[in-house]
Amino acid sequence: MPQREIRIENAHLHNLRGVDCEIPLGALTVVTGPSGSGKSTLAFDTLYAEGQRRYVSSLSAYARQFLERLPRPEVDSISNLPPAIAIEQRNGVTGSRSTVGSATEVLDHLRLLFARIGETTCCDCDLRVEAGGILATADRIVADHAGERILLVAPVRSGAGRAAQVRDELVRDGHTRLLDEAGELLDLLEKTPRRKPSKQAPWWLLIDRLALRGEESERTRLVEGVAQGFARGGGEIVVRRADAKRRRESIYREGRACDGCGRRFPEPSPGLFSFNNPLGACASCEGFGRIAEIDWDRVVPDPTKSLAGDAIAPFATKTSKRIKGRLLEACEEVGLDVECPFESLTQEEREFVFEGDGDGWGGCGPSSIG
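According to our numbering, the sequence shown is numbered sequentially starting from 1.
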């Protein structure tokens with residue numbers, strides 16, 4: 001099994017006297033002790049110094065000349081030590097969005113890493129979403145159907161005017177062959193389909209027939225067919241096996257789209273992994289990492305009190321008499337007893353007090369209790 005901790009043997013720098021310890025990887029470890037016990041020596045002068053020294057030594061001589069070289073710490077052995085980052089012991093940034101990652105600029109590198117090597121997974125189907133460019137799609141088709149004879153088909157889901165007008169448009173663009181639901185060939189020069197294409201019942205436009213035997217000329221032809229299919233099929237093409245007894249088909253979509261449900265995803269970019277960017281910020285907290293909400297237990301700290309007896313704590317002040325009066329009037333209008341303990345109110349009555357009725361009483365929202 002791989003070693004899951006950093007092992008230090010006989011660290012004896014400064015105040016340390018033969019310290020042996022193990023520090024788990026992937027966990028938050030706190031080093032504590034009285035002043036002068038060697039906390040900083042262990043964390044910075046030993047662990048960080050050795051981690052940084054090993055990392056710098058792995059770089060080229062040209063790169064090393066621009067980096068700080070720390071002395072080797074006085075320790076017999078440190079095993080399983082990854083590269084280290086040390087943060088200066090002061091808070092020079094007071095922004096509400098600042099984190100350890102942004103202060104050390106580690107997030108900048110992680111965003112680039114995730115955008116370049118990250119894999120997109122459909123949150124509905126749990127399937128990996130592949131990049132769907134023309135060349136990438138052609139490569140996937142070759143990998144999925146190597147050695148097979150295939151039909152490259154594009155769904156035509158819309159068109160201007162009646163069926164005859166859609167047919168004329170396809171013929172002008174050089175497309176003359178359709179496949180019907182039974183897989184039979186229909187020549188548009190000789191016959192016009194009875195119905196016009198729709199999302200539910202598209203026309204299946206035959207782009208090309210190919211035998212994928214691994215020849216370069218076939219791939220060039222396939223790339224051209226994929227480009228035509230995406231252009232005519234609204235970013236979607238279908239590959240059918242020409243020699244299958246039962247119709248078998250595979251769907252390929254342009255861009256990043258799930259093969260299972262068709263859901264589209266944006267191309268990975270650094271902005272998607274930044275909470276300071278509208279693309280990557282959480283829609284609920286807007287990138288702050290916290291949501292301001294009302295603590296109703298503090299609004300009603302003593303539920304044995306009645307509404308008339310100041311159960312709503314923010315309404316118990318002199319400046320809130322008018323708002324409290326509006327609440328009591330609204331309660332009387334709907335027949336809510338303002339003299340009974342708050343804890344005796346039904347859930348529906350409490351919702352009326354807190355949320356209002358959307359008419360005369362607006363509820364105990366931030367504008368009322370702020």
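Here a beta-carbon is modelled for each residue, glycine too, at the ideal position from N, C-alpha and C.
What does the Cβ neighbour count give for Phe288, buried or exposed, with the cut at 16 atoms within 10 Å?
Counting every other CB atom within 10 Å of its CB across the protein chains shown gives Phe288 a total below 16, marking it as exposed.
Using CA coordinates, which residue listed in Gln228, Leu28 and Ser98 is at the minimum distance from Asp173?
Gln228
Please give the ranges of any alpha helix (DSSP H) in the segment 73-145, keeping only runs that are unbroken, at least 4 residues long and fully inside the region.
100-103, 106-117 and 134-144
Could you spell out where the alpha helix (DSSP H) holding Val166 opens and where it closes?
For Val166, the enclosing alpha helix (DSSP H) covers residues Ala163 to Arg172.
Report, in whole angstroms, the separation of the C-beta atoms of Pro202 and Pro155, which I expect to be a contact under 8 Å.
4 Å
By how many angstroms is the C-alpha of Glu218 removed from the C-alpha of Glu236?
20 Å
Report the CB separation of Leu189 from Leu178 in whole angstroms; it is logged as a contact under 8 Å.
Not confirmed; about 11 Å, so no contact.
Once the 5 residues before and after Thr304 are set aside, which same chain residues still bring their CB inside 6 Å of it?
Counting only Cβ-Cβ distances below 6 Å, and skipping sequence neighbours, we find Pro341.
Please classify His109: is it buried, with 16 or more other beta-carbons within 10 angstroms of its beta-carbon, or exposed?
exposed
Starting from the N-terminal side, write out each stretch of the alpha helix (DSSP H) that is 4 residues or longer and does not extend beyond the segment 275-350.
296-299 and 321-333
Do you know how far the Cα of Leu151 is from the Cα of Arg157?
19 Å
Thinking Thr41 and Leu13 are a contact (beta carbons under 8 Å), I'd like their distance in whole angstroms, please.
Contact between Thr41 and Leu13 holds, since their C-beta atoms are separated by about 6 Å, short of 8 Å.
List the whole-angstrom C-beta distance separating Tyr252 from Arg111, where the pair is believed to meet the contact cut-off of C-beta under 8 Å.
About 29 Å; that fails the 8 Å criterion.
If the criterion is Cβ atoms closer than 8 Å, does the pair Arg372 and Ala231 meet it?
As shown, the chain starts at 1 and ends at 370. That puts residue 372 outside it, with no answer to give.
Once you ignore the five residues that flank Asp144 on each side, which residues in its own chain have a CB closer than 7 Å to its CB?
Ser250
With DSSP run on the structure shown, which of helix, strand or coil describes Val31?
Per DSSP, reduced to three states, the secondary structure at Val31 is coil, with no helix or strand assignment.
Considering just the uninterrupted stretch of the beta strand (DSSP E) at Ala11, what are its terminal residues?
Glu5 to Ala11
Can you give me the start and stop residues for the alpha helix (DSSP H) that Ala43 sits inside?
Segment: none, Ala43 is in no alpha helix (DSSP H) and carries neither H nor E.
Return the first residue and the last residue of the beta strand (DSSP E) that Leu415 is part of.
The chain is shown only over 1 to 370; residue 415 falls outside these bounds and no answer can be derived.
Can you tell me the Cα-Cα spacing of Ala311 and Asp302, whole angstroms?
Rounded to whole angstroms, the gap between the alpha carbons of Ala311 and Asp302 is 6 Å.
Please report how far the alpha carbon of Gly309 lies from the alpha carbon of Glu339, in whole angstroms.
7 Å
Check the DSSP bridge columns for Phe265 and list the partner residues they point to.
Answer is Arg256, bridged to Phe265.
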